[in-house]
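A.B. asks: Respectively, the protein sequence lines represent chains A and B.
Take 1 as the starting number for the first sequence in this note's numbering and just add one per residue.
Take 1 as the starting number for the second sequence in this note's numbering and just add one per residue.
Dropping the structure in here first, questions after.
There are 2 protein chains.
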Amino acid sequence: MKALSQVGKYGLRALLYLVAYPPDSQYLSIRQISDDLGLSFHFVTKIFRELTEKGLLISYRGPSGGIALAKPAEEIMLLEVIKALEGDDYFDKCLIGLPHCGSAKPCPVHEFWKEVKTKLQHNFSETSLALLGEKIRTQEVRLDD
Amino acid sequence: MKALSQVGKYGLRALLYLVAYPPDSQYLSIRQISDDLGLSFHFVTKIFRELTEKGLLISYRGPSGGIALAKPAEEIMLLEVIKALEGDDYFDKCLIGLPHCGSAKPCPVHEFWKEVKTKLQHNFSETSLALLGEKIRTQEVRLDD
DNA sequence: CATATTTAAGACTATTTATTCCTAATTAAG
DNA sequence: CTTAATTAGGAATAAATAGTCTTAAATATG
Ligand code: SF4
Ligand code: SF4
């Protein structure tokens, strides 16, 4: 069950890095993130550009430039991140994708698919980046090997 | 959240058609299924060929040939179908896909991702094709428009 | 046996997603 | 002003997924 595209996976990991290891200065460079996580610098740059466009990040060019969260990590819920990375319709997708769905009668698997989606959405909307960053810092969980 | 590939979606729908509208004779032709559901005949054929190879279906060539379930619909759980269509590792996939995962410490989202997966897996393993077929027949749910 | 029907097999094409690469714009610092 | 560092933008390439098409094999029927 592929929950996230590569964009989603890399984007999330890179963001979590930023949250978990905030720089001394105002901005953290993409190069440092991608190098540390072993991700493609160009790919991460592309992903972050979109997050910047969507207002989740702010960026600054030039020496000692980089990216930073647009608001405190406490106020950014995983849900917002996922939607930014995967599209706002992320939780609207259906399991078997019937034409004209959502209308009249549901398909055979609608009920528990909805349950599962709702649960995940709920979890995501309750989890802040700050919390995850803290877990990473205390090494309760890990971001790489 | 894309849960199933096109192969998975079409395959499941086509299978459910077979279960819900079993033929008078022993086999149901792929042509009838694909025409009725508005799916590509060739694509469905391709998908079914794999299900046949995996022992979920049996096929028979020639006039009044077609495909049939290899065992009673009561004994086929959705889980088996999904795994056949999407690969046995379907429920092993992880959310952010860290290298060497499952080993030492989990990543930040492992816990609730596991919950969700377990729930879905459980639902799937409790739901038989027979049950879904019955729901379709009684029009409690629908397979197409 | 001849023909029509149906699945099997796999090549081929198209579309989407993933990834890399090149060039421009911005800015700090000497 | 020059240079180096950094993100911005978008083109180009690669890989994976989706979908089509052609030919072969099997089988029923007359
Ligand atoms: S009923 Fe629900 S799961 Fe089924 S096709 Fe519609 S939206 Fe998707
Ligand atoms: S800890 Fe779990 S969710 Fe996180 S990368 Fe590993 S398997 Fe995936």
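Just so it is clear, CB atoms sit at the ideal spot from N, CA and C, and this is done for glycine as well.
#1: Closer than 7 angstroms by beta-carbon distance: list the chain B residues that pair up with Tyr-90 (chain A), in chain order.
#2: List the whole-angstrom C-beta distance separating Phe-41 (chain B) from Ile-30 (chain B), where the pair is believed to meet the contact cut-off of C-beta under 8 angstroms.
#3: What is the DSSP secondary structure of Ala-14 (chain A), reduced to helix, strand or coil?
#4: Give me the Cβ distance between Glu-50 (chain A) and Ser-128 (chain A), rounded to the nearest whole Å; I'm assuming they're in contact under 8 angstroms.
#5: At the level of alpha carbons, what is the spacing between Glu-134 (chain B) and Arg-61 (chain B)?
#6: Would a check of beta-carbon distances place Tyr-116 (chain B) closer than 7 angstroms to chain A?
#7: Alpha carbon to alpha carbon, how far is Tyr-17 (chain A) from Ala-14 (chain B)?
#8: Tell me whether the beta-carbon of Lys-83 (chain A) lies closer than 7 angstroms to the beta-carbon of Gly-97 (chain B).
#9: Does Gly-66 (chain A) come out as helix, strand or coil in the three-state DSSP assignment?
#10: According to DSSP, is Ile-58 (chain A) helix, strand or coil?
#11: Please name the residue or residues paired with Met-1 (chain B) in a DSSP beta bridge.
#12: Expressed to the nearest angstrom, what Euclidean distance is found between the alpha-carbon atoms of Ser-125 (chain B) and Glu-115 (chain B)?
#13: Can you look up Ser-40 (chain A) in the DSSP assignment and give me helix, strand or coil?
#14: For chain B, check one thing: does any of its Cβ atoms lie closer than 7 angstroms to the Cβ of Phe-48 (chain A)?
#15: Output the boundary residues of the alpha helix (DSSP H) element that contains Lys-117 (chain B).
#16: Compute the Euclidean distance between the alpha carbons of Pro-106 (chain B) and Ile-58 (chain A), then round it to the nearest angstrom.
#17: According to the neighbour-count rule (16 or more other Cβ atoms, all chains shown, within 10 Å of its Cβ), is Glu-86 (chain A) buried or exposed?
#18: Helix or strand or just coil, what does DSSP make of Leu-28 (chain B)?
#19: Could you name the residues of chain B that Gly-97 (chain A) contacts, counting a contact when the two beta carbons are closer than 7 angstroms?
#20: Distance, Cα to Cα, Thr-90 (chain B) vs Glu-111 (chain A)?
#21: Could you check how far apart the C-beta atoms of Val-7 (chain A) and Ile-47 (chain A) are, in whole angstroms? I think they sit under 8 angstroms.
#22: Figure out for me which residue from A:Leu-12, A:Ser-5, A:Ala-3 and A:Lys-2 has the closest Cα to the Cα of Leu-132 (chain A).
#23: Can you pull the chain A neighbours of Arg-13 (chain B), defined as C-beta to C-beta under 7 angstroms?
#24: Can you tell me the Cα-Cα spacing of Lys-71 (chain B) and Gln-32 (chain B), whole angstroms?
#25: Does Leu-120 (chain B) have its Cβ less than 7 angstroms from a Cβ in chain A?
C.D. replies: The relevant details are as follows:
#1: Met-1
#2: 6 angstroms
#3: helix
#4: The Cβ separation is near 21 angstroms, so there is no contact.
#5: 28 angstroms
#6: Residue identity check: residue 116 (chain B) is Val in the sequence provided, not Tyr. Output row for Val-116 (chain B): interface = yes.
#7: 44 angstroms
#8: no
#9: strand
#10: strand
#11: According to DSSP, Met-1 (chain B) bridges with nothing at all.
#12: 15 angstroms
#13: coil
#14: no
#15: 110 to 126
#16: 29 angstroms
#17: buried
#18: strand
#19: Lys-9
#20: Per the sequence presented here, residue 90 (chain B) reads as Tyr, with Thr not at that position. Looking at the two C-alpha atoms, the distance is approximately 20 angstroms.
#21: 6 angstroms
#22: A:Leu-12
#23: Ile-96
#24: 21 angstroms
#25: yes
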